[in-house]
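Enquirer:
Number of protein chains: 2
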Amino acid sequence: MKTASDKNIPYKIYLKENEIPTEWYNVRADMKEKPAPLLNPQTLEPMTAEELSHVFCEELVKQELDNDTAYIKIPEEIVDFYKMYRPSPLVRAYCLEEKLQTPAKIYYKFEGNNTSGSHKLNSAIAQAYYAKKQGLKGVTTETGAGQWGTALSMACSYLGLDCKVYMVKVSYEQKPFRREVMRTFGASVTPSPSMETEIGKKILSEHPGTTGSLGCAISEAVEKAVSSEGYRYVLGSVLNQVLLHQSVIGLETKRALDKYDVKADIVIGCAGGGSNLGGLISPFMGEKLRGEADYRIIAVEPASCPSLTRGRYAYDYCDTGMVCPLAKMYTLGCDYIPAPNHAGGLRYHGMSSILSKLYDDKLMEAVSVTQTEVFKAAEEFARVEGILPAPESAHAIKVAMDEALRCKESGEEKNIVFGLTGTGYFDMVAYEKFHDGLMENYIPTDDELEIAWKKLPKVDR
Amino acid sequence: MKTASDKNIPYKIYLKENEIPTEWYNVRADMKEKPAPLLNPQTLEPMTAEELSHVFCEELVKQELDNDTAYIKIPEEIVDFYKMYRPSPLVRAYCLEEKLQTPAKIYYKFEGNNTSGSHKLNSAIAQAYYAKKQGLKGVTTETGAGQWGTALSMACSYLGLDCKVYMVKVSYEQKPFRREVMRTFGASVTPSPSMETEIGKKILSEHPGTTGSLGCAISEAVEKAVSSEGYRYVLGSVLNQVLLHQSVIGLETKRALDKYDVKADIVIGCAGGGSNLGGLISPFMGEKLRGEADYRIIAVEPASCPSLTRGRYAYDYCDTGMVCPLAKMYTLGCDYIPAPNHAGGLRYHGMSSILSKLYDDKLMEAVSVTQTEVFKAAEEFARVEGILPAPESAHAIKVAMDEALRCKESGEEKNIVFGLTGTGYFDMVAYEKFHDGLMENYIPTDDELEIAWKKLPKVDR
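Here it is, written out as structure tokens:
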């Protein structure tokens, strides 16, 4: 075992509270070619600010559409909230390095040490804040596994804002603990589909026994927002505004590395809708776009839902219900139903437009991994690093370990940085399946993917 | 809302890694009258080191019996492990202060940001380390709610030590997630009573349908340890050695306060077996014992299990099975079965000998609170401070809030410090009952307590 005196970098690099970023970084400003705009699903023309403001808060619409401003001031009240759980530690994975016997240096930015259990809180507080500032009564949203719903409940409770969460019915029933956390923070949680909305009633009459889907829950949350006085809809990933807010992850990471003169060689993150990855990589990508430095940047996705690695770059609906705007992105088709794997946060058919564009421009790589290898890595990591990772986060762990083992073969002392987005306390059913040898892998066939793409909207942009 | 610029003390005071204590503080060294010794249950004579070493590791026996050494060096390997999750933050509860509109300044030492979810890890790593150093193969223990079992699993996994946990059967069945966390860290978890031990077989033959008890699980774990080559038994609370290890909590707290020239007026902690409270208060109590400073120190216990506030100070068995040594302590009688309240970690019939002695010497106070008022405080706290507390920890929150409200009445700007021992992610069943209005309070009658005391052993010391 190495002893402390061998180590000139602490186990956990904590920035000071006054080093929390006071500006978000908008990577779009440094992209020569911008991500494609959202399209109105009726007219197939770019969504205007006015159109978007029926659904989203005004300030968030501005952020959504702003491709030019590189740094956007974080309101002081949000910075104050960040101080309750940020800066998050950048951890040097000494124990993992020793376990792998690798010359690589491994770092991870740990976003799990807050009650929502993930990085989602970074954007939840921002979205809730602008809703409050606009004088709204409340916000609506959907949640699947529950991390986003929990984060939003916390933010709304702090600001005294009403929070209405449509939770996919199967999760509502199977994850009662997540539901109770949201209730603890005062949110109203409705199993979706419900009788509270027209779309919910319609779905229930057509499919009386349905256990719901994320697509349906989105549709209900959007309907509720646009039909209720003083409410707007908020979303925890995919959108440009969300990646903007999540840039605090990357900015803190970069600053912590800079403090110790560490230059990252590889930056790795899991990718579902792209909020964590987009936030983590943004300042690194910025330097890369400006030609100031080079980094290998790797997105990791589940083999069962391989948007980047096997998807098509095309305009598609953001939701299964096809009520939301169209986004140009790597997509498996909005009708694609991923196998019920245990990384709920990565089961999204598409990908952030920003990340899709960067990937298409070959500025980042993507790999997919199966869930059994992910859980194997998760357990190995937990045993030496003492953190129980969320299945989503463990996708990044798996690839970071693979890269570290490559360094072992080559003898290279690379600096590997990955995002550990959250904790797995509410995912023990999945760990149990893994321990009992009951976890299966699912990889869609080419034919299955072809079928889902048949419903891609015809957009010639 | 106050803004950051009003605040000269950060939201979270983080010590540097090199400020983690390198010595534990042994409060017994400063006690003029020492806590009463453990007695051999057969001879009723003080347990010798030799007798204790059949059950506990040698170095831990030394620590258990050492009433004189004030500072005991923490082995470097343990300090290294501490660096994975320590120093823990001392949080200034700005948002709670504002919510309560109190002139008091509230601080809490948050021990929940590690995967075990509580302070238990501080002693688990120490006990596992000495077992490893002694060349043992493994350790046995019992767990009720599961926090101690989880902490020990993590420590053993890190050191490559076998870990055998007897988990009270009702918890094993009702808390499968806790069990899976332990399995993730490689522990073997057996529902107790089991057919693996003589005492387990005996109990099962006499009570075939029993769902177990902590007393029975202790007996099984002790039997397994003494009957297996290369194993010892370890315990997560009550013992002197555990309070010693937990002194890191208090030492860090004191150091963080000193950095900002804050003198605590009141120090508050929840008390089950006493490990957290004993650790938190130790350096403050040390100053008090040496006449250097004065502090109000308050133990908080559940009204359903009021060892200090309504118990007797007498020799009693530490376990229901009466196989363990006798300790002189405030006790409700080792036969006392507390009502099934939701703070499993506080459902212990007795109390650390050290704390019992200090309480008997009127060096600290004790109050009891009902669980509905505890959950009300927990929820109020969560909504403003963004941390979901364990029910155990929320006992301290409740009393800290009460004291802060007293300051509001009196106008006093007292500094209130409390221990937030852990998180409530695995306690959502209890929160659900609270939300649904199904939580009841139970306060034992004087007659019920009288009955339990009838079995107190006759010891004239």
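Chains as they are written, first to last, in this note's numbering: chain H, 404 to 864; chain P, 404 to 864.
Glycine is no exception: its CB is placed at the ideal position from the N, C-alpha and C atoms.
Quick caveat: nothing in here was measured; it's all calculated off a predicted structure.
Alpha carbons only, please: which of Pro743/H, Tyr488/H, Leu441/H and Lys536/H is nearest the one belonging to Val862/H?
Expert: Taking the first residue of the first sequence as 1, we reach residue 862/H at position 459. Val862/H has its Cα closest to that of Leu441/H, out of Pro743/H, Tyr488/H, Leu441/H and Lys536/H.
Enquirer: Under 7 angstroms Cβ-Cβ, which residues of chain P neighbour Val584/H?
Expert: Stepping through the first sequence from its first residue, residue 584/H is reached at position 181. For a Cβ distance threshold of 7 angstroms, residue set Leu791 and Met831 of chain P lies close to Val584/H, ordered along the chain.
Enquirer: Counting C-beta neighbours from all protein chains within 10 Å, is the total for Met487/P 16 or more, i.e. buried, or is it exposed?
Expert: Here residue 487/P refers to the residue found at position 84 when the second sequence is read from its first residue. So Met487/P counts as buried.
Enquirer: Name the residue from Leu859/P, Pro444/P, Glu461/P and Ala507/P whose alpha carbon lies nearest to the alpha carbon of Val665/P.
Expert: Locating residue 665/P in the second sequence gives position 262, where the first residue counts as 1. Checking every option, the nearest Cα to that of Val665/P belongs to Ala507/P.
Enquirer: Which of helix, strand or coil does DSSP assign to Glu812/P?
Expert: Start at 1 with the first residue of the second sequence, and residue 812/P comes out as number 409. Helix, per DSSP.
Enquirer: DSSP three-state call for Lys486/H: helix, strand or coil?
Expert: Stepping through the first sequence from its first residue, residue 486/H is reached at position 83. Note: Lys486/H maps to coil in three-state DSSP.
Enquirer: Below 8 angstroms between beta carbons: does that hold for His752/H and Gln774/H?
Expert: One-based indexing of the first sequence puts residue 752/H at position 349. One-based indexing of the first sequence puts residue 774/H at position 371. It is not a contact, given that the beta carbons lie outside the stated cut-off.
Enquirer: Taking buried to mean at least 16 other C-beta atoms within 10 Å of its own C-beta, is Gln577/P buried or exposed?
Expert: Here residue 577/P refers to the residue found at position 174 of the second sequence. Under this definition Gln577/P is an exposed residue.
Enquirer: With DSSP as the reference, label Ser526/H as helix, strand or coil.
Expert: Mapped onto the first sequence, residue 526/H falls at position 123. Reduced to three states, the DSSP call for Ser526/H is helix.
Enquirer: Could you tell me how far apart the beta carbons of Ala803/P and Pro792/P are, in whole angstroms, since I believe they sit closer than 8 angstroms?
Expert: Within the second sequence, the letter at position 400 stands for residue 803/P. Within the second sequence, the letter at position 389 stands for residue 792/P. With 8 angstroms as the limit, Ala803/P and Pro792/P do not qualify as a contact, their Cβ atoms being about 11 angstroms apart.
Enquirer: Does the beta carbon of Arg786/H come closer than 8 angstroms to any beta carbon on chain P?
Expert: Walking along the first sequence from the start, residue 786/H turns up at place 383. Yes, its Cβ sits closer than 8 angstroms to a Cβ of chain P.
Enquirer: My guess is that Leu680/H and Ala702/H are in contact by the Cβ rule of under 8 angstroms, so how many angstroms apart are they, rounded?
Expert: Position 277 of the first sequence, counted from the start, is the residue given in the question as residue 680/H. Position 299 of the first sequence, counted from the start, is the residue given in the question as residue 702/H. Yes, they are in contact, since the Cβ atoms of Leu680/H and Ala702/H sit about 5 angstroms apart, within 8 angstroms.
Enquirer: What residues of chain P sit near Glu843/H, judged by a beta carbon separation below 7 angstroms?
Expert: The residue you call residue 843/H lines up with position 440 of the first sequence. Going along chain P, no residue has its Cβ under 7 angstroms from Glu843/H, so there is no contact; the nearest lies around 18 angstroms.
Enquirer: Could you tell me the distance, in whole angstroms, from the CA atom of Leu841/P to the CA atom of Val832/P?
Expert: The count along the second sequence starts at 1 and reaches residue 841/P at position 438. The count along the second sequence starts at 1 and reaches residue 832/P at position 429. Their backbone Cα atoms lie some 11 angstroms apart in a straight line.
Enquirer: Buried or exposed for Lys858/H, going by 16 or more other Cβ atoms inside 10 Å?
Expert: The count along the first sequence starts at 1 and reaches residue 858/H at position 455. With fewer than 16 Cβ atoms within 10 Å of its Cβ, Lys858/H is classed as exposed.
Enquirer: So, at 7 angstroms on beta carbons, what are the nonlocal neighbours of Tyr739/P in its own chain, with the 5 sequence-adjacent residues on each side left out?
Expert: Residue mapping note: residue 739/P aligns to position 336 of the second sequence, counting from 1. Here the set comprises His752 and Ala855.
Enquirer: Closer than 6 angstroms by C-beta to Asn470/P: which residues in its own chain qualify, once you throw out the five before and the five after it? Chain order, please.
Expert: Numbered from 1 along the second sequence, position 67 holds the residue referred to as residue 470/P. Correct list, in chain order: Arg431 and Lys437.
Enquirer: Can you confirm whether Tyr575/H, when its beta carbon is compared against all beta carbons of chain A, has any partner nearer than 8 angstroms?
Expert: Of the protein chains in this structure, namely H and P, none is chain A.
Enquirer: Taking 8 angstroms as the threshold (beta carbon to beta carbon), is Tyr414/H in contact with chain P?
Expert: Position 11 of the first sequence holds residue 414/H. Closer than 8 angstroms to some Cβ of chain P, the Cβ of Tyr414/H qualifies, so yes.
Enquirer: Secondary structure at Phe375/H, three-state DSSP: helix, strand or coil?
Expert: Because chain H is modelled from 404 through 864, residue 375/H falls outside the range shown and cannot be assessed.
Enquirer: For the stretch 534-566 of chain H, which residues have a beta carbon sitting closer than 8 angstroms to at least one beta carbon of chain P?
Expert: Met557, Ser560 and Tyr561
Enquirer: Which residues in the same chain have their Cβ closer than 6 angstroms to the Cβ of Ile556/P, if we skip the five residues on either side of it in sequence?
Expert: Here the question's residue 556/P lines up with position 153 in the second sequence. Sequence check: residue 556/P is Ser here, not Ile. Closer than 6 angstroms at Cβ, skipping near neighbours: Cys566, Met585, Phe588 and Ala590.
Enquirer: Given a cut-off of 8 angstroms on the beta-carbon distance, is the pair Ala548/P and Gly827/P in contact?
Expert: Taking the second sequence and counting its residues from 1, the one referred to as residue 548/P is at position 145. Taking the second sequence and counting its residues from 1, the one referred to as residue 827/P is at position 424. No. Outside cutoff.
Enquirer: Thr587/H touches chain P at which residues, Cβ-Cβ below 9 angstroms?
Expert: As a working mapping, residue 587/H is identified with position 184 in the first sequence. By Cβ distance, chain P contributes Ala781, Glu782, Ala785, Arg786, Leu791, Gly827, Met831, Tyr834, Phe837 and His838.
Enquirer: Roughly how many angstroms separate the alpha carbons of Ile477/P and Leu654/P, rounded to a whole number?
Expert: Here the question's residue 477/P lines up with position 74 in the second sequence. Here the question's residue 654/P lines up with position 251 in the second sequence. Between Ile477/P and Leu654/P, the C-alpha separation is close to 13 angstroms.
Enquirer: Checking the sheet assignment: what are the DSSP bridge partners for Asp565/H?
Expert: Here residue 565/H is taken as the residue at index 162 of the first sequence, counted from 1. Note: Asp565/H sits in a beta bridge opposite Gly541/H.
Enquirer: Taking DSSP's pairing of strands, which residues face Trp427/H in a bridge?
Expert: Taking the first residue of the first sequence as 1, we reach residue 427/H at position 24. Per DSSP, Ile475/H.
Enquirer: Could one say the Cβ of Phe580/H lies closer than 8 angstroms to chain P's Cβ atoms, at least one of them?
Expert: Stepping through the first sequence from its first residue, residue 580/H is reached at position 177. Chain P, which has a Cβ nearer than 8 angstroms to the Cβ of Phe580/H, makes this yes.
Enquirer: DSSP three-state label for Glu448/H, please.
Expert: Here residue 448/H refers to the residue found at position 45 of the first sequence. Residue state, collapsed to three classes: coil.
Enquirer: Take the Cβ of Ala439/H as the centre, count every other Cβ of all protein chains shown within 10 Å, and call the residue buried at 16 or more, exposed below.
Expert: One-based indexing of the first sequence puts residue 439/H at position 36. Answer is buried; the Cβ neighbour count reaches 16.
Enquirer: Count the other C-beta atoms from every protein chain shown that fall within 10 angstroms of the C-beta of Glu453/H, then say buried if there are 16 or more, exposed otherwise.
Expert: As a position in the first sequence, residue 453/H is number 50, starting the count at 1. When all chains shown are included, Glu453/H counts as exposed.
Enquirer: Count the CB pairs spanning the stretch 480-500 of chain H and the stretch 443-453 of chain H that are closer than 8 angstroms, and state whether there are at least three.
Expert: no
Enquirer: Taking buried to mean at least 16 other C-beta atoms within 10 Å of its own C-beta, is Ala620/H buried or exposed?
Expert: Counting from one through the first sequence, the residue named residue 620/H turns up at place 217. It counts as buried.
Enquirer: Any idea what DSSP makes of Arg495/P, helix, strand or coil?
Expert: Counted from its first residue, the second sequence places residue 495/P at position 92. Arg495/P: strand per DSSP, three-state reduction.
Enquirer: With DSSP as the reference, label Glu695/P as helix, strand or coil.
Expert: Taking the first residue of the second sequence as 1, we reach residue 695/P at position 292. In this structure, Glu695/P counts as coil in the three-state DSSP scheme.
Enquirer: Am I right that Cys559/P and Ala531/P are in contact with their C-beta atoms under 8 angstroms? What's the rounded C-beta distance?
Expert: Within the second sequence, numbered from 1, the residue matching residue 559/P stands at position 156. Within the second sequence, numbered from 1, the residue matching residue 531/P stands at position 128. Indeed, because the Cβ distance is near 5 angstroms, the residues count as touching under 8 angstroms.
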